[in-house]
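The opening position of the sequence shown corresponds to residue 1 in the numbering used here, with each subsequent residue numbered one higher.
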Amino acid sequence: MKKILVATEKPFAKVAVDGIRKIVEDAGHKLELLEKYTSEAELLAAVAEVDAMIVRSDIVNQNVVNAAKNLKIVVRAGAGFDNLDLKACSEKNIVAMNTPGQNSNAVAELAFGLMIYGIRKLFNGKSGTELRDKNIGIHAYGNVGYYVAQIAKGFGMKVYAFDPYVCSEKMKAEGIIPVETVEELYKTCEFISLHIPATEQTKKSINKKLLSLMPKGAVLVNTARKEVINEEELVETMSDRSDLIYLSDMETSNKAVFAEKFAGRYFFTPKKMGAQTSEANINAGMAAARQIVDFFATGNETFRVN
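What follows is the structure in structure tokens.
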């Protein structure tokens, strides 16, 4: 019997916890819960004897890894995993996983909620514009990108995508127009939806050079990570271009500048909201539990990220 900890500063919904518990206990393991904790000390105490962990956006750093002397696997319930110290996990032979695809539709739907809110002038009563017959560019055609594309087609948009890791034939088969360079994507599309991870290669990669290529009436939608934006150059570009709108599922570090200079041309959610639906909450949590149970039963490491 393994001890599996769900450590969530922002807890899963009860129905998700119930589902996780059933998966864990049906497999003969024990579930432990740490919810709404307020200090790292609480987390360090909770991980001391556990064999596995499920987290959401909770930070699993070197301190946590060192305290969890029996830990074999940690699963981030969600796609992004920058809250996991992968180096520390690898050094302790701990398998780190995510649950790709479980939050994808929720994130994609939020992207369109942001788009409509932005192009309708934040619902201030003034005349806006429409999505139909516009070009949308999907920057990274993964799980979320796929759903964005499907929704965009429903709106009557022409869908382009750039992703050097996805076969162009796959995109074409799904009704998407692949482009060969990121510059071509930005030149072609009034709307850009970002879905790239925050890596050493992508951090601050969305810069003035790219944004300046976008057509008149450009809208940049970021439901990925704020780190991929060069925030200083975004401010420069928006100062140069009064037509550019920025819509983001997280506040920028320089949000006061946006409030001062760009009223009506930006919107930030008060906290990261992409996965904040009951369906995504349940899907990701239960997927994490299934992956842990399967790992202990068969050694399956399909979604390993370290």
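Each residue gets a CB set at the ideal place from its N, CA and C atoms; glycine is no exception.
Taking 9 Å as the cut-off, the Cβ atoms of K30 and I4 count as close. Here T199 carries a coil assignment [DSSP, helix/strand/coil]. The beta carbons of Y160 and N135 sit about 6 Å from each other, so the pair counts as a contact at 8 Å. Take the alpha-carbon of D240 and the one of L211: they are about 11 Å apart. In this structure, I292 lies away from I138, with their beta-carbon atoms at least 9 Å apart.
A direct Cα-Cα distance of roughly 8 Å separates I151 from F112.
Using a C-beta cut-off of 8 Å, the segment 37 to 55 makes no contact with the segment 245 to 259, since fewer than three inter-stretch Cβ pairs fall below that distance. Cβ atoms of L86 and G264 stay farther apart than 8 Å, at about 40 Å. Excluding sequence positions up to five before and after Y266, its CB lies within less than 6 Å of the CB of Y246 and F258, all in the same chain and listed in chain order. It is roughly 51 Å from the alpha-carbon of N70 to the alpha-carbon of K158. If you draw a straight line from the Cα of A149 to the Cα of P215, it comes to about 20 Å. For T8, the number of other beta carbons within 10 angstroms of its own is at least 16, and it is reported as buried. 9 Å or more divides the Cβ of E231 from the Cβ of T199. Within the same chain, and ignoring the five residues on either side of T277 in sequence, the residues whose Cβ sits closer than 7 Å to its Cβ are A106. Note that the C-beta distance between P178 and K172 is below 9 Å. Boundaries of the alpha helix (DSSP H) harbouring T298: S278 to T298, taken from the DSSP string. In this structure N222 touches D249 by the C-beta definition: roughly 7 Å separates them, less than 8 Å. If you look at A67, you'll find it in the alpha helix (DSSP H) that goes Q62 to A67. By the neighbour-count criterion, in which 16 or more other beta carbons inside 10 Å mark a residue as buried, V182 falls on the buried side. In the three-state DSSP reduction, K126 falls in the coil class, being neither helix nor strand. Where Y160 is concerned, the enclosing beta strand (DSSP E) starts and stops at K158 to F162. In chain order, A77, G78, T99, Q102 and N103 place their CB closer than 6 Å to the CB of A284, counting only its own chain and leaving out the 5 sequence neighbours on each side.
Uninterrupted beta strand (DSSP E) stretches at least 3 residues long and entirely within the segment 4 to 89 occur at 30 to 35, 52 to 55 and 73 to 76, given in chain order. About 17 Å separates the Cβ atoms of I23 and A280, ruling out a contact at the 8 Å cut-off.
Between the alpha carbons of Y117 and A297 lies a distance of about 47 Å. Taking a contact as a CB-CB distance under 8 Å, the pair F262 and M238 counts as one, their CB atoms being some 6 Å apart.
Straight across, the Cα-Cα distance linking V228 with I176 is about 24 Å. The segment 92 to 119 contains, as complete alpha helix (DSSP H) runs of 4+ residues, the segments 104 to 119 (chain order).
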